[in-house]
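Peer 1: Just so you know, the sequences run in chain order A and B.
First residue of the first sequence: 0, per numbering that gives the first Met the number 0; consecutive thereafter.
First residue of the second sequence: 0, per numbering that gives the first Met the number 0; consecutive thereafter.
In this text, a Cβ means the ideal position worked out from N, Cα and C, and glycines have one as well.
There's a structure below that I have some questions on.
2 protein chains.
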Amino acid sequence: MKYNQVWQARAIRPDGCSEWFSAQVPGNVQYDYGVYMGWGNIHYNDNSTLWRETEDYTWEYRTVLNYACKEGEKAVFVSKGIDYRFDILVNGKVCLSHEGMFSPVEADLSDAQPGSELVVRIYPHPKREDADEGCNQADHSAKAPVCYGWDWHPRLLVSGLWQEAYVETRDAGFIRRCEPFYTLNADRTHASLRFETEADAEVEITLFDPDGKEVGKGHAFEIDHPRLWWCNGQGKPELYTYTARTASHEVKGHIGFRTVKLVMNKGGWDPLPGFPMGRNVAPIQIELNGRNVFAKGSNWVNPDVFNGRIDYERYETLVTLAKDAHMNIFRCWGGSGTHKEMFYELCDRLGIMVWAEFPLACNCYPDDPHYLEVLEQEADAIIRMLRPHPAVVMYCGGNELFNNWSMMTDQSQALRLLNKKCYDLDKDRPYLMTSPVLGMGHGGYTFWNPNTNQDVFTIFQNAHCTAYTEFGVPNMTDLENLKKIIPEDELFPIEAKGSWKLHHAFEAWGELAWLCPDGMQHFSRGKLDTIEKMIAQSNWMQCEGYKAIFEEARRQAPYCSMAINWCYCEPWITASGNSLITYPVQPKPAYYAVQNSLRPVLASARIPRFDWKKGEVFHAELWLLNDSVECANHTIKVSIRANGEEYELLTWETGEVAMNTNKIGPTINWKLPEWDADRFTLVLSCGDASSEYTLCFRPDNEW
Amino acid sequence: MKYNQVWQARAIRPDGCSEWFSAQVPGNVQYDYGVYMGWGNIHYNDNSTLWRETEDYTWEYRTVLNYACKEGEKAVFVSKGIDYRFDILVNGKVCLSHEGMFSPVEADLSDAQPGSELVVRIYPHPKREDADEGCNQADHSAKAPVCYGWDWHPRLLVSGLWQEAYVETRDAGFIRRCEPFYTLNADRTHASLRFETEADAEVEITLFDPDGKEVGKGHAFEIDHPRLWWCNGQGKPELYTYTARTASHEVKGHIGFRTVKLVMNKGGWDPLPGFPMGRNVAPIQIELNGRNVFAKGSNWVNPDVFNGRIDYERYETLVTLAKDAHMNIFRCWGGSGTHKEMFYELCDRLGIMVWAEFPLACNCYPDDPHYLEVLEQEADAIIRMLRPHPAVVMYCGGNELFNNWSMMTDQSQALRLLNKKCYDLDKDRPYLMTSPVLGMGHGGYTFWNPNTNQDVFTIFQNAHCTAYTEFGVPNMTDLENLKKIIPEDELFPIEAKGSWKLHHAFEAWGELAWLCPDGMQHFSRGKLDTIEKMIAQSNWMQCEGYKAIFEEARRQAPYCSMAINWCYCEPWITASGNSLITYPVQPKPAYYAVQNSLRPVLASARIPRFDWKKGEVFHAELWLLNDSVECANHTIKVSIRANGEEYELLTWETGEVAMNTNKIGPTINWKLPEWDADRFTLVLSCGDASSEYTLCFRPDNEW
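Here's what the structure looks like:
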């Protein structure tokens with residue numbers, strides 16, 4: 000039996016303790032403290048900086064224990080995770096000390112009784128003493144580093160009882176653990192399933208098929224022709240369910256039968272140029288149930304600065320939006336750490352594959368005994384939490400660790416340790432040391448590179464990667480949301496300071512990103528002299544930019560096997576940024592553009608660049624992209640629209656295009672007329688659906 | 000007490016058993032059988048093919064046990080390794096079954112007595128059924144694959160009691176294990192040493208310093224200012240020794256205090272070109288005792304086709320030759336597996352670092368449960384044997400596994416397992432998945448590429464690798480040795496068949512390698528119409544080629560950190576090949592050329608190509624290479640010799656060149672006269688020493 004508790008918290012500040020204030024669990028104590036202090040909405044203006052003074056506070060949660068123990072029961076305080084270093088005290092005596100936010104903890108309450116006081120004392124955030132302010136401060140800890148500040152995340156050091164916490168009374172029938180393991184035969188027509196249980200009583204397990212029909216009872220099952228778990232777009236994410244019962248306790252869970260490997264990308268074994276010869280690329284092609292699947296999706300970051308406050312509804316809305324956008328993967332970026340288990344359950348249920356990174360990002364995590372010990376403990380907990388989830392298709396050491404802003408290497412003991420832990424606990428799930436590894440690419444993150452005068456159309460058509468696992472194009476947030484974060488007197492004209500800067504419009508990435516006013520103006524015929532014009536321009540570019548990259552990555556299949564943009568959601572309302580969704584769950588126009596580009600069967604145009612001049616020959620290669628599991632066969636009509644007129648260019652009969660295959664068609668070549676317009680639209684009609692690309696047009700030489 | 004045994008062996012052939020014949024232990028039963036059958040010298044003509052019929056034989060060794068057990072002793076049969084799958088039978092009863100040649104085995108002789116018969120029954124060589132003949136047949140086994148045939152190794156499947164084997168009587172004082180472990184503080188001024196022992200009696204350990212002076216007794220020692228183990232050229236390979244004693248047993252060993260890491264090569268963190276961005280190179284710079292060391296050495300392969308017959312004297316001669324050639328590293332190539340422990344002891348003593356590969360090479364070793372189980376057992380044994388040796392500076396999964404002739408990847412479970420085992424048992428020693436990894440280069444293996452008309456001078460000056468860990472230039476074996484392998488009537492003119500082909504002169508590597516008559520003739524003014532002329536030409540090219548590559552690799556330091564040629568020794572007399580030493584221990588002319596190029600302080604010329612025409616401006620960049628631990632400061636006189644005349648070109652005062660540093664000097668430019676010669680020599684005199692480069696000269700246009 001579980002008993003939720005009523006919690007209070009207080010800050011132990013240099014000048015003494017605050018009063019006790021009401022605290023939500025799960026949650027973050029910093030949020031509760033902000034409410035207590037009346038600091039207002041964190042999104043608005045520079046409110047977020049108010050929390051800076053709390054960084055080195057010690058915090059205490061307390062509850063007067065509320066539970067009832069029957070004869071033969073014992074009581075345990077349980078949490079799925081407490082952030083980050085803490086003691087648990089019962090009646091003033093420390094009964095447990097722990098470092099690490101991802102490992103579950105249990106405190107025996109033998110010495111307590113209902114009415115006893117339980118305190119969780121949380122120590123200040125880890126900060127390496129000689130580190131500059133930023134994520135480097137967390138480079139000796141296994142804390143998710145994002146809250147130390149990122150180019151799209153305010154500095155806001157959170158901690159607390161971020162996962163559920165309760166008192167549980169347990170009798171002899173308590174099931175401490177019940178975990179399914181299965182093997183599939185070579186052609187996946189037979190599954191051997193067994194359960195490992197830990198309990199002092201007999202556990203009865205009942206297995207149900209995905210329709211809820213009982214399959215049988217026992218601790219081992221042989222299942223002929225198991226219904227397989229597939230990711231979105233490749234089949235149904237079939238889940239078997241089970242209940243494990245004793246006289247007094249029941250636990251439930253689900254199983255998705257599937258195999259997953261990372262196999263060499265098609266063409267990845269092509270001969271290397273002459274001697275001295277290096278190595279071939281690293282494999283990053285996902286093979287799900289024996290089938291190579293093109294991974295299309297987005298980088299998942301913590302959807303709230305207060306990670307403890309994210310609830311099921313938020314996760315469900317966000318994951319459902321990904322499914323609706325034809326995505327099949329989230330790369331769960333290491334900087335944000337691992338998430339609440341319900342997120343992975345949702346991904347199981349909705350068919351979104353998960354690339355699960357350990358909580359390392361952009362730092363050089365050291366070969367330090369204490370760090371390695373905490374990391375091992377945390378990795379153990381993370382792997383045990385993730386491994387029952389069919390959606391989790393790979394582990395990864397963390398983000399961009401083999402790049403010169405991190406300076407970790409293949410020899411780093413943390414990454415060798417993570418390999419070892421994954422091998423020991425879950426060796427059939429792939430493990431990648433970091434992203435990117437050889438062959439893969441991260442970036443770029445803006446629409447246009449002013450140094451080379453290349454836009455993302457050109458840049459990605461000249462790239463040749465096995466996987467694009469980060470790329471981004473920023474937009475500017477809509478006016479309604481901007482008004483929630485920028486004081487009215489700062490709203491326009493926009494200046495590179497104050498709220499705009501704090502909300503990442505400037506100096507987040509170089510001088511001018513994420514707003515990138517130079518790029519916006521470069522592709523605008525008229526002066527962007529109102530905020531509405533700027534917003535519209537930024538959305539145009541974000542939509543066309545994202546379409547160009549996602550579709551180019553798909554066209555580069557099968558050598559390319561992944562298109563995963565940076566990023567999906569955002570943890571607070573940014574003024575400008577690369578996400579597809581505005582905080583908390585509002586799709587941007589680019590979300591719908593990407594949704595269109597990720598349709599399983601897509602008529603797609605490879606357009607060499609975004610901007611065109613009058614009189615030039617416009618050219619574009621036609622493709623039919625098919626990552627559905629059906630054969631496609633379409634008539635594609637190509638036209639160009641500008642200035643209210645429509646010009647029909649050609650019709651392409653694609654013929655049959657097999658499942659998970661692309662086909663190249665003709666190239667259209669068409670001399671652009673002398674429109675008085677700043678844009679034109681290429682339209683590929685394909686049955687009821689169409690793909691539209693609205694491109695920049697320069698009718699005169701000034702522009 | 001150890002009792003050597005007298006052994007006999009027999010072949011269990013399809014047509015029945017052979018007689019018992021005398022067998023040497025350690026050794027290979029195939030050698031003994033050859034003697035018994037009167038097959039003669041394996042090197043001569045096609046004698047080696049006689050062994051083909053034995054490939055699928057089962058073999059039995061037998062001995063009538065000879066030992067004496069005192070009261071309280073028990074007897075154990077011990078071997079350090081038996082190749083490959085075998086049973087041990089005592090009085091006809093199987094008492095042990097085992098797969099794997101690298102793990103030591105012990106068979107309890109409780110049921111035996113002196114005079115009992117002990118049989119080792121060895122099963123046929125592992126051969127994957129559907130594999131073509133060659134090393135692929137061994138791709139599901141942990142057997143060293145080289146004996147299945149390589150481009151420089153005859154197919155000769157050996158097995159047997161290749162390591163020492165004896166009966167040992169043990170009483171309660173027997174020391175089952177005594178192993179030292181130490182840590183050094185950050186600046187290596189203090190060592191904490193502890194011993195792990197396994198024995199039923201009290202073990203007394205006495206430690207001695209490198210001069211043999213007793214340091215103390217105990218199981219743990221704190222040593223201030225320990226004398227460090229250094230590789231050849233960087234300091235002394237200081238070894239502490241210890242004895243561990245009980246009343247009845249004594250074991251001895253040594254300890255070399257040192258730290259070793261693979262750190263990023265200088266320049267390896269330089270920014271990568273634009274987005275999408277991959278990863279930086281993998282580190283391969285050896286940091287020994289905090290000092291970056293340029294690794295110069297050679298690839299060690301099994302020095303005998305009959306690997307069991309190699310004895311201490313052979314190892315000592317070969318390792319001493321490497322030391323004398325200023326080498327400091329052997330890459331122990333995975334195809335030849337791990338060697339007898341005395342080899343590593345010699346490397347400890349002589350200061351030759353060892354890059355130790357697991358027995359995987361050029362195959363795709365599968366994610367197969369049985370294979371992984373055997374590999375884990377073998378890796379465990381190999382790591383435990385190697386880890387006390389200071390010379391061993393790194394483990395490596397095996398040879399060229401990430402290339403398309405192997406097709407293993409970062410995801411291969413065998414390599415993930417090896418990484419895990421190394422981490423578990425010896426985590427402070429680097430582990431490399433394979434060679435090459437990103438940044439490194441293997442090859443080329445011939446002097447001249449006829450397709451590009453580039454020689455190794457040009458090829459390596461245009462390469463930019465972190466490490467050159469395989470490269471080769473072939474020569475032709477001297478006449479005396481050729482006569483040992485080629486029947487007189489085949490000797491000349493040379494034809495691409497028979498003995499020449501069997502001894503790797505043709506079709507070993509493409510059509511014409513390793514003899515490469517096309518390349519030899521290309522750089523010869525006159526027709527190579529005698530075998531003496533051919534031998535001389537091949538030695539000229541091998542010497543100049545090896546000098547060019549070794550010196551270029553040194554000049555590319557510190558980005559480049561290794562020059563390790565293919566290969567050092569050879570397992571039998573080849574007709575042509577890349578080794579520096581002719582079987583068994585005879586240095587080739589190229590050995591001396593390499594010895595000169597590896598002198599710690601070397602005046603070196605970067606000459607853009609091997610062949611020059613009359614009237615051209617010859618140019619060469621001057622360098623002083625210093626990988627000694629002293630500051631160098633020299634006067635270098637540059638001259639050219641041809642047709643008996645000497646032309647003085649310039650004198651370069653190098654000024655001070657710090658230890659382990661190179662310095663570039665002036666470039667000489669000099670118009671070549673109209674000599675009637677086919678070669679000229681550039682001479683850099685530097686005190687008593689000189690560096691000489693004899694280059695090809697074309698006095699007319701026909702040639």
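1) Does the Cβ of GLN541(A) have 16 or more other Cβ atoms within 10 Å, making it buried, or fewer, making it exposed?
2) Please return the same chain residues whose Cβ sits closer than 6 Å to the Cβ of PRO586(A), not counting the five positions on each side in sequence.
3) Which residues in the same chain as ILE382(A) place their Cβ atom closer than 8 Å to its Cβ, once the five residues preceding and following it in sequence are excluded?
4) Using 8 Å as the Cβ pair cut-off and three pairs as the minimum, do the region 132 to 143 of chain B and the region 94 to 113 of chain B touch?
5) Mark ASN27(A) as exposed unless 16 or more other C-beta atoms lie within 10 angstroms of its C-beta, in which case mark it buried.
6) Along chain A, in chain order, which residues have C-beta atoms closer than 8 Å to that of TRP151(B)?
7) Output needed for LEU437(B): all residues of its chain with C-beta closer than 6 Å, excluding positions within five of it in sequence on either side, in chain order.
8) Find out if the Cβ-Cβ distance for the pair SER21(B), LEU155(B) is shorter than 8 Å.
9) With DSSP run on the structure shown, which of helix, strand or coil describes GLU340(A)?
10) Using 8 Å as the cut-off, can you tell me whether the region 620 to 637 of chain A makes contact with the region 562 to 574 of chain A, which would need three or more C-beta pairs spanning the two stretches below that distance?
11) Any idea what DSSP makes of ARG330(A), helix, strand or coil?
12) Name the two residues that bound the continuous beta strand (DSSP E) containing ASN538(A).
13) Which word fits PRO275(B), buried or exposed, when buried means at least 16 other C-beta atoms lie within 10 angstroms of its C-beta?
14) I believe GLY333(A) touches ASN398(A) by the beta-carbon criterion, under 8 Å. Please report the beta-carbon distance rounded to the nearest angstrom.
15) Just grab the DSSP bridge partners of GLY15(A) for me.
16) Under 8 Å, Cβ to Cβ, is there at least one residue of chain A near TRP229(B)?
17) Under the rule that 16 or more other beta-carbon atoms within 10 Å means buried, what is PHE180(A), buried or exposed?
18) Could you give the first and the last residue of the continuous beta strand (DSSP E) run that contains GLU356(B)?
19) What beta strand (DSSP E) runs, 3 residues minimum, are completely inside the region 576 to 618 of chain B?
20) For SER689(A), which residues of its own chain have a beta-carbon under 8 Å away from its beta-carbon, when the five flanking residues on both sides are left out?
21) Between THR205(A) and the rest of its own chain, which residues show a CB-CB distance below 7 Å, the 5 nearest in sequence each way excluded?
22) Pop quiz: GLY33(A) and TRP161(A) are said to be a contact at Cβ under 8 Å. What is the actual Cβ separation, rounded to whole angstroms?
23) Are the C-beta of ARG697(A) and some C-beta of chain B separated by less than 8 Å?
24) Who are the neighbours of THR408(A) on chain B, taking C-beta pairs under 7 Å?
25) Using a Cβ cut-off of 7 Å, which residues of the region 366 to 393 of chain B contact any Cβ in chain A, in chain order?
26) Nearest to LEU317(B) by CA position, among PHE342(B), GLY133(B), GLN284(B), LYS295(B), is which residue?
27) Taking only runs that begin and end inside the region 20 to 54 of chain A, name each unbroken beta strand (DSSP E) of 3 or more residues, in chain order.
28) Can you give me the Cβ contacts of TRP674(B) inside the same chain, cut-off strictly under 8 Å, excluding the 5 residues immediately before and after it?
29) Is the distance from the Cβ of PHE549(A) to the Cβ of LYS322(A) below 8 Å?
30) Which residue's Cα is closest to the Cα of TRP508(A): TRP229(A), GLN112(A), HIS152(A), PRO429(A)?
31) So, GLU620(B) versus ARG605(B), is the Cβ gap smaller than 8 Å?
32) Would you check if the distance between the CB atom of GLY442(A) and the CB atom of TRP513(A) is smaller than 8 Å?
33) Please report the straight-line C-alpha distance between TYR692(B) and ILE328(B), rounded to a whole angstrom.
34) Does any C-beta atom of chain A lie closer than 8 Å to the C-beta of PHE470(B)?
35) Counting only the same chain and skipping the five closest in sequence on each side, list residues whose C-beta sits under 7 Å from that of PHE456(A).
36) State the CB to CB distance for the pair TYR558(A) and LYS265(A), rounded to an integer number of angstroms; the pair is presumed to be in contact (CB under 8 Å).
Peer 2: Judging by the given coordinates:
1) buried
2) ILE580
3) TYR394, LYS420, CYS421, LEU424, ASP425
4) yes
5) buried
6) Ordered by position in chain A, no residue passes the 8 Å Cβ test against TRP151(B), which lies about 17 Å from the chain.
7) VAL280, ALA281
8) no
9) helix
10) no
11) strand
12) Where ASN538(A) is concerned, there is no enclosing beta strand (DSSP E), although the alpha helix (DSSP H) it sits in stretches over 530 to 554.
13) buried
14) 4 Å
15) ARG12(A)
16) no
17) exposed
18) 352 to 356
19) 600 to 605, 610 to 612
20) ALA602, VAL682, LEU683
21) GLU213, LYS216, TYR241, THR242
22) Wrong, their Cβ atoms sit about 15 Å apart, outside the cutoff.
23) no
24) MET263, ALA281, PRO282
25) none
26) PHE342(B)
27) 20 to 22
28) LYS613, ALA641, ASN642, PHE696, PRO698
29) no
30) HIS152(A)
31) yes
32) no
33) 25 Å
34) yes
35) ALA547, ILE606, PRO607, ARG608, PHE609
36) 6 Å
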